Amino acid sequence: MDWYPSADEDLLLRTSARFAAGLAAPVAGCRWFRDPQRGDIQGELPQWPPGPVHTPRGTGDRAARRTGRALAFGIPLIANLVANLGGAAGSPFGGVPATGKPEERENEVDDFPVMWAAPGTLARTAPWQLDPDRRPEGYTTDLVLTSRRLLFLGTRTGSIAKADVLAEYPRDAVSGARRMRFSEVEADVRLTFADDSWIRLFTGNPDSAARLTELLAGAADTIGESDLTPGQRDRVTRFLSDLPAGALPPTFRRLPSGIVLAEARVPSKAGEDLHETHGILMGPSGEAAKPQPGDL
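Its first residue numbered 18, the sequence shown is counted upward by one per residue in my numbering.
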């Protein structure tokens, strides 16, 4: 693995992450970096390389963007529908994608800030590599949440070298996360820091978006690998051996009935920065288990 948690912490979630992009026609494919007065701050961010200057789209551009967006989303939509018809474990994207409706017109239709940060706030320390328009070709970024910190990692496609730690924050520096459903495959999350600055990220999978918000709200009963029984650890080893190459380390959740859900994420061929969630349910000895009412 390209990154390991420290001995004094448990891995809770690792997911792909990048700055989100607009979905509504006037801001489709665009992103802005704002201060609370809606001023553009990308030129003020230290050590950030130059990036494109986006402008809201006119009526003529919108029709073209609608056609392009349908083509771009066609493969993920079809792949997910087929997977769900088959009921296969590890179906791409967790559920049938739906863009939903804008929740904040000022931030999702008229404008699309992915950073909202006054001078000196934590959001301004987010790494520039999260921006697909700035990072090198073949470079990907992940968000990692552990029991004591949140990190952003950078890796190069096909490399087995140690991941770059681009930024890290103690858990108490992050005050919460909100899932933003008006987004590509409903996988956007607004991550808010303790100083009320925030960033909006695309997490690659609606399951990841839901999981991140649960974890930061304290609503998920996550456990570490050390909490598993020997039988469960053996079952996880077999589970991982069946996954495609590139699978991320698993995370574990104890459900209300007591059974354990193990999940691992695998990069998807359906699109860049998308991934599929694979999971198994285990009883106390690692045997296959069925969810009980209230578990899922």
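No residue lacks a Cβ here, since even glycine has one placed at the ideal position from N, Cα and C. Note that the coordinates shown come from a computational prediction; the quantities given were computed from them, not determined experimentally.
Bridge partner(s) assigned by DSSP for residue i
| i | result |
| --- | --- |
| His319 | Since the first and last residues shown for the chain are 18 and 313, residue 319 lies out of range. |
| Asp57 | Arg51 |
| Arg35 | Phe219 |
| Pro239 | Sequence check: residue 239 is Thr here, not Pro. DSSP output for Thr239 lists Arg270 as bridge partner(s). |
| Leu28 | Thr163 |
| Pro45 | Correcting the residue identity first, residue 45 is Ala in this sequence and not Pro. Partner(s): Gly39. |
| Ala262 | Answer is none; Ala262 lacks a bridge partner. |
First through last residue of the beta strand (DSSP E) which encompasses residue i
| i | result |
| --- | --- |
| Thr321 | In the structure as shown, the chain starts at 18 and stops at 313, and residue 321 therefore has no counterpart that could be examined. |
Residue from the options with nearest C-alpha to residue i
| i | options | result |
| --- | --- | --- |
| His295 | Ser285, Asp27, Glu304, Pro301 | Ser285 |
| Arg152 | Leu160, Gly171, Leu162, Arg166 | Gly171 |
| Asp213 | Val44, His71, Lys307, Met132 | Met132 |
| Thr163 | Arg228, Asp251, Ser274, Gly303 | Arg228 |
| Ala281 | Asn222, Ala234, Arg217, Cys47 | Asn222 |
| Leu160 | Thr230, Ala41, Phe50 | Thr230 |
| Gly48 | Pro73, Ser33, Pro308 | Note that residue 48 is Arg in the sequence shown here, rather than Gly. The candidate whose alpha carbon is nearest that of Arg48 is Pro73. |
| Thr158 | Val126, His292, Pro187, Asp127 | His292 |
| Arg198 | Leu218, Glu185, Pro301, Asp57 | Leu218 |
| Ala190 | Gly235, Ala180, Arg166 | Arg166 |
| Pro136 | Ala45, Pro301, Asp52, Leu278 | Asp52 |
Continuous alpha helix (DSSP H) stretch holding residue i: start and end
| i | result |
| --- | --- |
| Thr254 | 247-258 |
| Leu233 | 223-234 |
| Arg122 | 122-125 |
Task: Touch test, the segment 53-68 against the segment 21-37, Cβ-Cβ under 8 Å, three pairs minimum - done: These segments do not touch.
Task: contact_flag[the segment 207-219, the segment 136-149] where n(CB pairs < 8 Å) is 3 or more - done: Yes: the two stretches touch, three or more of their Cβ pairs being nearer than 8 Å.
- [ ] Just list the beta strand (DSSP E) runs in the segment 128-216, keeping only unbroken ones of 3 residues or longer that don't cross its boundaries, in chain order.
- [x] Runs of the beta strand (DSSP E) lying entirely within the segment 128-216 and spanning at least 3 residues, in chain order: 130-133, 156-163, 166-173, 181-187, 191-197, 205-210.
Open item on the list: Under 8 Å: do the segment 19-28 and the segment 251-259 share three or more Cβ pairs, one atom per stretch?
Closed with: The segment 19-28 makes no contact with the segment 251-259; the number of CB pairs closer than 8 Å stays below 3.
- [ ] Could you say if the segment 240-250 and the segment 268-275 meet the contact criterion of at least three C-beta pairs nearer than 8 Å?
- [x] Yes, the segment 240-250 touches the segment 268-275.
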